[in-house]
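The numbering used here numbers the first residue of the sequence shown as 301 and each following residue consecutively.
We put the beta carbon where it would ideally sit given N, CA and C, even for glycine.
Structure first, commentary second.
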Amino acid sequence: MTGETIDLTTLAIPERDVAMELMTMRHVDACVGVAQALGIFTALGGGPIAADTIAQRASLDPEMVARLLLVLAAIDIVRRVDATRFALTADGAAYFDHQSPFSAASFFAIDDVSPSMHSLLDPADSGWSVTRDADKSIEDGWRDGDIDAQTARKFAETMHAYALAPALSIVRGGVFAKSRAVLDLGGGSGTLCAAIKAHQPETDVALFDMPVVCDVARDHLARFGCDGRVTRHPGHFFRTPWPAGADTHVFSHILHNWPIADVGRLLELSRQSLAPGGRIVVIEAFIDPDFSGPLRVLKLHLSMWAYFKAQQFTEQQLSDLLIAAGFEAPTLVHRFRDYGVMEAYRP
Ligand SMILES: C[S@@+](CC[C@H](N)C(=O)[O-])C[C@H]1O[C@@H](n2cnc3c(N)ncnc32)[C@H](O)[C@@H]1O
């Protein structure tokens with residue numbers, strides 16, 4: 301990191317998210333090895349079979365098997381036969397049936413691949429590389445509202461790389477143009493807050509995150525010339541009262557980290573804290589309505605289950621959750637790559 305302040309209003313958005321593409325390739329490779337190690341290709345070799353049946357026979361978690369199969373279907377080595385059953389495609393059978401002359405079994409043997417594969421097999425045992433040296437898992441840290449400073453810094457830096465391009469596109473797309481005061485729940489490194497403040501200096505912008513993350517955010521905000529111009533609220537979003545006065549609450553890549561009951565609690569807390577007419581803005585990478593893609597998002601959907609018993613959403617699922625929490629008129633207001641922005645209003 302250089303000491304120079306970066307002007308976000310003139311920063312060009314790269315054409316492609318090369319880092320995310322490479323990360324997805326790495327993880328999808330791990331998924332293939334995991335599927336092989338768990339005997340999923342062998343089970344599929346017998347003809348169409350339900351994810352639940354595979355899970356039951358091998359004493360596996362049915363949700364993990366179902367999500368893993370969706371990833372394999374998105375790369376066309378498996379196909380969905382109907383709502384519950386999957387089969388190998390012809391090409392999938394050629395390379396993943398042990399009897400096939402083309403069998404690539406040794407290529408994907410589990411001992412030859414990266415630790416990320418093992419983390420999918422046993423997430424409790426391994427974890428993301430950003431948290432591998434930490435005393436406790438990131439999910440326990442988030443639930444307790446307590447992670448160590450080094451983990452907070454590494455995670456915020458990773459999220460910053462992930463969030464900067466969508467943040468610029470969303471802000472430049474006018475999503476916050478009508479906001480007077482924005483509260484970014486779980487704002488992390490402050491990427492989105494900095495993007496809003498840089499483009500709309502007249503908007504009040506505040507970041508709410510765990511104390512140790514707020515400290516990390518201070519450095520990131522300074523890098524973009526926003527330190528002192530974005531208010532930082534240290535707290536735990538299930539335990540600390542939320543600051544009042546915002547007309548817009550943002551959840552950027554937050555809801556996908558929590559089991560569905562906690563998602564409901566967060567939405568409920570937001571609705572209670574907003575004044576009538578207040579707006580909630582949710583930024584997530586969405587799954588296609590028929591769960592056929594995008595590959596990256598289906599891979600995330602699997603990882604979110606492995607780490608947090610959480611999920612990515614289809615637009616319909618998120619819309620239903622917002623309505624169930626008492627919000628009105630959920631609408632997708634912006635798209636960028638496979639990210640979407642959904643807003644809804646407190647009646
Ligand atoms: C996946 S990151 C998203 C960060 C940021 N919103 C973005 O889009 O880059 C999740 C964020 O939620 C924060 N978080 C997790 N548990 C929290 C809690 N209990 N209270 C407040 N913030 C929390 C984390 O520190 C982290 O910054």
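Go ahead and pull the three-state DSSP assignment for residue i.
| i | result |
| --- | --- |
| G345 | helix |
| G640 | strand |
| A585 | strand |
| I560 | helix |
| A449 | helix |
| D317 | coil |
| S469 | helix |
| L567 | helix |
| A376 | With the sequence shown as reference, residue 376 is identified as Asp, and Ala is not the correct amino acid for it. Three-state DSSP puts D376 in coil, outside helix and strand. |
| L368 | helix |
| R480 | coil |
| F551 | strand |
| A330 | helix |
| A387 | strand |
| I580 | strand |
| H398 | coil |
| T458 | helix |
| H533 | strand |
| A355 | helix |
| A405 | helix |
| L311 | coil |
| R646 | coil |
| A350 | strand |
| L574 | coil |
| L485 | strand |
| L595 | helix |
| R443 | helix |
| T540 | coil |
| T324 | helix |
| A287 | Coverage of the chain is limited to positions 301 through 647, which leaves residue 287 absent and any answer about it impossible. |
| G392 | helix |
Tell me, to the nearest whole angstrom, how far the beta carbon of residue i is from that of residue j; I am working on the premise that it is less than 8 Å.
| i | j | result |
| --- | --- | --- |
| H601 | R379 | With 8 Å as the limit, H601 and R379 do not qualify as a contact, their Cβ atoms being about 18 Å apart. |
| L521 | G486 | Actually they are not in contact, since the Cβ atoms of L521 and G486 sit about 15 Å apart, beyond 8 Å. |
| S358 | L388 | Note on identity: in this sequence residue 358 is Ala, with Ser being the wrong assignment. Actually they do not touch by this definition, with Cβ atoms about 17 Å apart. |
| P376 | D397 | First, the amino acid is wrong: residue 376 is Asp here, not Pro. Between D397 and D376 the Cβ distance is about 15 Å, and since that is not below 8 Å, they are no contact. |
| L555 | V563 | 5 Å |
| A461 | A585 | With a Cβ gap of about 15 Å, A461 and A585 do not count as contacting. |
| Y639 | F627 | Contact doesn't hold; Cβ gap of about 20 Å is too wide. |
| S552 | I583 | 4 Å |
Cβ of residue i versus every heavy atom of ligand 3: is any distance shorter than 7 Å?
| i | result |
| --- | --- |
| F613 | Because ligand 3 does not appear in the structure shown, any question about it cannot be addressed here, the ligands present being ligand 1. |
Pair every Cβ in the stretch 480-492 with every Cβ in the stretch 546-558, then say whether three or more of these pairs are closer than 8 Å. Output reads yes: the stretch 546-558 touches the stretch 480-492.
If we require 3 or more residues per run, which beta strand (DSSP E) segments fall completely within the stretch 491-521? 504-509
Quick check: the stretch 533-540 against the stretch 492-510, are there 3 or more CB pairs under 8 Å? Enough Cβ pairs lie closer than 8 Å, so yes.
Considering only residues of the stretch 603-640, which uninterrupted beta strand (DSSP E) runs meet the minimum length of 3 residues and lie entirely inside it, listed in chain order? Segments of the beta strand (DSSP E) lying fully in the stretch 603-640: 628-636.
Decide yes or no for the touch test of the stretch 576-585 against the stretch 602-610: beta carbon pairs closer than 8 Å, at least 3 of them. The answer is no - the stretch 602-610 does not touch the stretch 576-585, with fewer than three Cβ pairs under 8 Å.
Are the stretch 491-499 and the stretch 457-466 touching, with three or more C-beta to C-beta distances below 8 Å? yes
Please determine if the stretch 334-347 and the stretch 306-315 are in contact, where contact requires at least 3 C-beta pairs separated by less than 8 Å. no
Does the count of Cβ pairs from the stretch 515-529 and the stretch 548-568 closer than 8 Å reach three? no
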